[in-house]
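J.: A single structure is presented below for examination.
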Amino acid sequence: MTPASGPEALTGNRRGAYTGVEEMNRELRIAVNGRALERRNPPLARLTAASLVSSLAGQKGFQVHVIVTEPISADGFTGTLPHIVSQSGRTSPPVFDQLRFPSMAKQLGADLLLCVNAPAPISAPAPVVVW
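Residue numbers for the sequence shown follow the working numbering, so the first one is 17 and each next one is one higher.
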């Protein structure tokens, strides 16, 4: 039996990253820890985070999901708005950062986790970027 080549070589990936050509053509799912966008943070921090998230959401090939602990305002966002996911129930920031955020990112099928002004989770379902 000869090794597969071309698109057939991509199937059977145990990690589930890319299982075929159609998977390679799909948008990159980015889960953003949106605590920096919540009203209890200073206006400059919210504006900076909103600018970064808006920039990502406006890029072709990205599907941006902002995960927050409370409803947030669309103020500060420009262009394409990201998908906002608000977790139910009140949790402390460390519990959200380390448990809830990674769990919700996994449910969304995130390919990348972006932590804006928040600590990175110790264990994550995908690569993590801290900005």
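Using N, Cα and C, we set each Cβ at its ideal position, and we do this for glycine too. Computed from a predicted model, the values in this text were never measured in an experiment.
1) Do THR85 and GLN114 have their CB atoms nearer than 8 angstroms?
2) Taking DSSP as the reference, what is the three-state secondary structure of ARG45?
3) Which ranges does the alpha helix (DSSP H) cover as unbroken runs of at least 4 residues, wholly within the stretch 50-137, from first to last along the chain?
4) Comparing C-alpha positions only, which one of GLU43, ASN41, VAL48, ARG42 sits nearest to ALA140?
5) Quick check: what's the CA-CA separation for ILE100 versus PRO135?
6) Looking at the ligand HEM, does it come within less than 7 angstroms of ALA52, judged from the CB to the closest heavy atom?
7) Specify the secondary structure class of VAL146 as computed by DSSP and reduced to three states.
T.: Taking the definition as stated:
1) Position 69 of the sequence shown holds residue 85. Position 98 of the sequence shown holds residue 114. Cβ distance not < 8 angstroms, so THR85 and GLN114 don't count as in contact.
2) Taking the sequence shown and counting its residues from 1, the one referred to as residue 45 is at position 29. Three-state result, ARG45: strand.
3) 59-73, 117-124
4) As a working mapping, residue 140 is identified with position 124 in the sequence shown. Cα-wise, what sits closest to ALA140 is VAL48.
5) Walking along the sequence shown from the start, residue 100 turns up at place 84. Walking along the sequence shown from the start, residue 135 turns up at place 119. In a straight line, the C-alpha of ILE100 is about 20 angstroms away from that of PRO135.
6) In terms of ligand content, the structure shown is empty, and the ligand HEM therefore cannot be addressed.
7) Position 130 of the sequence shown, counting from 1, holds the residue named residue 146. Here VAL146 sits in strand by DSSP.
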